[in-house]
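Read the structure below first, then the notes.
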Amino acid sequence: MPEVHAPPTLDADTAARFAAIALGHVTREYPNKPDHTLAGPADARTPAALHPVFFGSYDWHSCVHGYWLLARVLRRFPGGAAAPAIRALFDRQLVPEKVAGECRYLEAPTARGFKRPYGWAWLLKLAHELRMLPEARWAGAIAPLAAILVRRHHEFLPVAPYPVRVGTHFNTAFGLRMAADYAESRGVEGGGDAALLALLRRTARRWYGDDADCPAWGEPGGDDFLSSALIEAECLRRLLPPADFAPWFDRFLPRLADGEPATLFRPAVATDRSDGKIAHLDGLNLSRAWCFRALAGALPAGDSRRPVMEAAAGAHLAASLPHLAGDYMGEHWLASFALLAMDEDGR
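Numbered by our numbering, the letters in the sequence shown go through residues 414 to 760 in order.
Okay, here's the thing in structure tokens:
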């Protein structure tokens, strides 16, 4: 029996710590790594001029999921220590005129592929989380931006012939998985998008439905923060009916009960957390923990794979949870993945 690391729970103190990390960077403009195409001299502008809302956190996508973290903490602990600061930030930033600036940026011809699919997925994930809050004004403000990215999914996915299976931002399984929550969202604001959900399901089947006996021999890559094997499985768990997912999962990773492929069960080692790419490996451990927990939860109670996967989730979380802060290369984003690992709704 593998050693079991009891997973920590998201209590009020932990949530406040995560929120303090995010509040420390979502409005920190510099250092900044823009993903920006210049069509002319007038496009050479500062991050805050380009992105009135999401100008912090070193890059746009990290800022978006920093806001998601804050929205999740506010929903889970509405009376918590960080709640007043989160509400003040949202009232200052998630307003129609600032979101309109983000919309103008995305509608520019040069931004057609901006942050595809990772930033697209996180923005929809944020919009879903905001819908779950009683303060409807924030979800209403972000809705036009979400609508642009829903349209981008409808334009892009039907013409994308192949998935992208890397362990970084371009991974398409991660994009589908996160967008699914928005497409199926139910909350204070209602919501849900049946057409988008159907598109995500068709695309997942087309890209991944025939996959079997995944070797995972390429994991981990030196700058991975996603497991291409586990995030694909988590994508299919989220988008397939349970009766279809079970036989697919059996074929895809047939030796999980034996701890194989072994490379999936060994936490990655980040040797230099001041190096942004190497720091990704802490994110890999956290995202693996999220996937292992979600996938184990989809199995029957007596399934022999469950304790193996739950132990792996605990080991991966324990390896990187102490390293969420200390160097900005990890601090500007890792807490979001820790929150996924500890508190994501498996649905």
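Here a beta-carbon is modelled for each residue, glycine too, at the ideal position from N, C-alpha and C.
Leaving out the 5 sequence neighbours to the left and right, which residues in its chain are closer than 6 Å to residue 624 when beta-carbon positions are compared?
665
Pick from 720, 570, 751 and 715 that is closest to residue 694, judged by C-alpha positions:
751
Alpha helix (DSSP H) runs wholly inside the stretch 667 to 721, at least 4 long, in chain order:
DSSP runs (the alpha helix (DSSP H)) wholly in the stretch 667 to 721: 689 to 710.
Would you report the Cα separation of residue 703 and residue 647, rounded to the nearest angstrom?
9 Å
Comparing alpha-carbon positions, which option in 673, 644 and 743 lies nearest residue 692?
Between residue 692 and the set 673, 644 and 743, the nearest pair of CA atoms involves 743.
My output table needs one value for residue 569: the three-state DSSP class, helix, strand or coil.
helix
Kindly indicate if chain C contains any beta-carbon less than 8 Å away from that of residue 582.
No chain C appears in this structure, which consists of one protein chain only.
Can you round the beta-carbon distance between residue 405 and residue 557 to whole angstroms, since I take them to be within the 8 Å contact cut?
The requested residue 405 does not occur in the structure, where the chain is confined to residues 414 to 760.
Taking all protein chains shown into account, decide if residue 422 is buried (16 or more other Cβ within 10 angstroms of its Cβ) or exposed.
exposed
Buried or exposed for residue 687, going by 16 or more other Cβ atoms inside 10 Å?
exposed
For residue 518, the first and last residue of its enclosing alpha helix (DSSP H):
According to the DSSP assignment, residue 518 belongs to the alpha helix (DSSP H) that extends over 509 to 520.
Closest residue to residue 541 among 559, 529, 524 and 526 (Cα-Cα distance)
559
Among residues of its own chain, excluding the 5 on either side of residue 681, which ones have a beta-carbon nearer than 7 Å to its beta-carbon?
633, 694, 697 and 698
Buried or exposed (CB count within 10 angstroms, at least 16 for buried), residue 604
buried
Return helix, strand or coil for residue 759, following the three-state DSSP convention.
With a pLDDT of only 47 at residue 759, under 50, the local geometry of the prediction cannot be trusted, and no value is derived from it.
Is residue 736 helix, strand or coil by DSSP?
Residue 736: helix per DSSP, three-state reduction.
Delimiting residues of the alpha helix (DSSP H) encompassing residue 660:
Segment 655 to 665, the alpha helix (DSSP H) holding residue 660.
Of all the options 481, 561 and 597, which has the alpha carbon lying nearest to the alpha carbon of residue 546?
481
First and last residue of the alpha helix (DSSP H) that includes residue 648?
According to the DSSP assignment, residue 648 belongs to the alpha helix (DSSP H) that extends over 641 to 652.
Using the Cα positions of residue 715 and residue 708, report the straight-line distance between them to the nearest angstrom.
14 Å
Mapping the DSSP letters down to three states, classify residue 627 as helix, strand or coil.
coil
Close beta carbons around residue 438, own chain, < 7 Å, minus the five adjacent residues each side:
469, 470, 479, 744 and 745
Out of 621, 653, 749 and 515, point me to the one whose CA is closest to residue 575's CA.
621
Residue environment, residue 473, which counts as buried when at least 16 other CB atoms sit within 10 Å
The residue in question, residue 473, is buried, as its Cβ has 16 or more Cβ neighbours within 10 Å.
Boundaries of the alpha helix (DSSP H) in which residue 842 is found, first to last residue
Residue 842 lies beyond the range of the chain shown here (414 to 760); nothing can be said about it.
With 16 as the cutoff for other CB atoms within 10 Å, does residue 453 come out buried or exposed?
exposed
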